[in-house]
Amino acid sequence: MDIGKMRSRITIKQNTGTQKDSTGAVIPNWIDYVSVWAEKAHKTSRKFFAAQKVNAEVQELFTIWYRKDITTDMRVSFDGKIYKILGANDPDDTKVKLHIICKAVA
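Going letter by letter, the sequence shown gives residues 694 to 799 in the numbering used here.
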């Protein structure tokens with residue numbers, strides 16, 4: 694993998710879920726888990742009609758050095774945007790790099 698392509702700094706966030714609102718319901722509490730260098734690539738985008746309006750969905754692919762602790766319960770923060778992690782996999786089964794597929798959160 695070309696290290697020069699990994700020039701985007703991303704932050705992986707984890708939900709601790711320890712805060713509660715006035716009714717006692719647990720509300721999301723996203724904290725920084727780890728910051729890593731990544732290569733960002735646009736994966737897909739589409740528009741669709743739902744709930745009486747046109748919606749957009751954008752998916753991004755972040756490639757980082759291999760880690761085994763990234764899960765779909767986490768989020769990626771990059772350039773002021775938040776992305777839900779849809780999946781993370783080792784594309785070559787070599788434990789060198791990890792592909793993180795994400796969807797932009799509205």
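Built from N, CA and C at the ideal position, the CB exists for glycine as well.
Between His735 and Lys796, the alpha-carbon positions lie close to 11 Å from each other. Cβ neighbours of Pro784 within its own chain (closer than 6 Å, five residues either side excluded): His792. When the beta-carbon positions are compared, Trp730 and Asn708 stay at least 8 Å from each other. The beta carbon of Val798 lies closer than 6 Å to those of Ile775, Lys777 in the same chain, with the five residues before and after it left out. Secondary structure note for Ser701: its beta strand (DSSP E) is the uninterrupted segment 701 to 708. Per DSSP, the continuous beta strand (DSSP E) segment holding Ala797 begins and ends at 790 to 797.
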